[in-house]
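Everything below concerns the one structure shown next.
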Amino acid sequence: MQIDILTIFPDYFREAFDYGIIRRARAASLVEIKAHDLRSWTSDKHKMVDDRPFGGGDGMVLKPEPIFAAVESLTGAKRGADVPSNKRVVLLSPQGKQFTQSTAAEFAQSEQLVLVCGRYEGVDERVAEALVTDEVSIGDYVLSGGEPAALVVIDAVVRLIPGALGSETSATTESFSEGLLDYPHYTRPPDFEGLKVPEVLLTGHHAEIAKWRSKAAEEKTKKNRPDLLKE
Ligand code: ADE
Numbered sequence: 016m017q018i019d020i021l022t023i024f025p026d027y028f029r030e031a032f033d034y035g036i037i038r039r040a041r042a043a044s045l046v047e048i049k050a051h052d053l054r055s056w057t058s059d060k061h062k063m064v065d066d067r068p069f070g071g072g073d074g075m076v077l078k079p080e081p082i083f084a085a086v087e088s089l090t091g092a093k094r095g096a097d098v099p100s101n102k103r104v105v106l107l108s109p110q111g112k113q114f115t116q117s118t119a120a121e122f123a124q125s126e127q128l129v130l131v132c133g134r135y136e137g138v139d140e141r142v143a144e145a146l147v148t149d150e151v152s153i154g155d156y157v158l159s160g161g162e163p164a165a166l167v168v169i170d171a172v173v174r175l176i177p178g179a180l181g182s183e184t185s186a187t188t189e190s191f192s193e194g195l196l197d198y199p200h201y202t203r204p205p206d207f208e209g210l211k212v213p214e215v216l217l218t219g220h221h222a223e224i225a226k227w228r229s230k231a232a233e234e235k236t237k238k239n240r241p242d243l244l245k246e
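The sequence shown begins at 16 in this note's numbering and counts up by one.
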């Protein structure tokens, strides 16, 4: 998979992909990740990427021209409608659809993912209307730019690329894969200052352990994320 990030802060990503699973996936050539400076696609002397909003109001808006030019040069497509089905062009914005584990699984199927990081007060709406295939938000809060959201999306996607995780099964047993949160995990010591590991986990009785884990996952979900049970 090829991942291209469009940003006015390419240095933000300098070491971000040098750790853990992402570093291993890059070393194994499962994914190549590049951060591109949006200013390279400006054509004016001052390399302007933003301008004042029509209709007035605070702040600046990212201009469409450099973003359209960048996406065309990276994907070969001029418009979202022309982007081939093995590629996704994604705008990170608080106005986007909620990014979930199933979005991550969908994105993990593509051969190229272009992530457009918004900034300032916003991005010219023609980018969302005509250029991208997806507009996603990582949650109901406003970040000062799409860069941290791009990191979140990349992390969630790369670990789902076949071969990226040590064990092929680990992604199917974790939180959200069954519509529930993950079951609780424990390691040694069995008694830490009076805080005990549930007895059943020490028995080696696999059927009982599986039963306990599925019940514990359900209880944890009921307590922390009752909204998931409704779905
Ligand atoms: N940019 C600013 N806030 C964001 C959010 N919540 N998700 C994705 N991109 C963003």
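Where is the CB? At the ideal position from N, CA and C, for every residue including glycine.
Just so you know, these numbers come straight off a predicted model, no measurement behind them.
Please determine whether the Cβ atom of residue i lies at a distance below 6 Å from any heavy atom of the ligand ADE.
| i | result |
| --- | --- |
| LEU107 | yes |
| GLY10 | The chain is shown from 16 up to 246; residue 10 falls before or after that span and cannot be answered. |
| ILE153 | yes |
| ALA143 | no |
| ALA164 | yes |
| LEU158 | yes |
Would you please state the rounded distance, in angstroms, between the beta carbons of residue i and residue j? I believe it to be under 8 Å.
| i | j | result |
| --- | --- | --- |
| VAL131 | VAL98 | With 8 Å as the limit, VAL131 and VAL98 do not qualify as a contact, their Cβ atoms being about 12 Å apart. |
| THR90 | GLN127 | 7 Å |
| LEU195 | LEU243 | 7 Å |
| VAL103 | ASP149 | The residue asked about is misnamed: residue 103 is Arg in this sequence, not Val. With 8 Å as the limit, ARG103 and ASP149 qualify as a contact, their Cβ atoms being about 6 Å apart. |
| ALA179 | ALA40 | 4 Å |
In the DSSP assignment, what are the bridge partners of residue i?
| i | result |
| --- | --- |
| ILE48 | ILE18 |
| GLY137 | VAL76 |
| VAL151 | LYS112 |
| LEU210 | PHE207 |
| ASP65 | LEU77 |
How about residue i and residue j: are their beta carbons less than 7 Å apart?
| i | j | result |
| --- | --- | --- |
| GLY137 | VAL64 | no |
| ARG134 | GLY95 | no |
| ILE153 | ALA143 | no |
| TYR201 | ALA231 | no |
| PHE32 | ILE48 | yes |
| ILE23 | LEU53 | yes |
| PHE114 | VAL151 | yes |
| PHE122 | VAL157 | no |
Checklist line | Complete runs of the beta strand (DSSP E) confined to the stretch 84-132 [at least 3 residues] | finding: 102-113, 127-132
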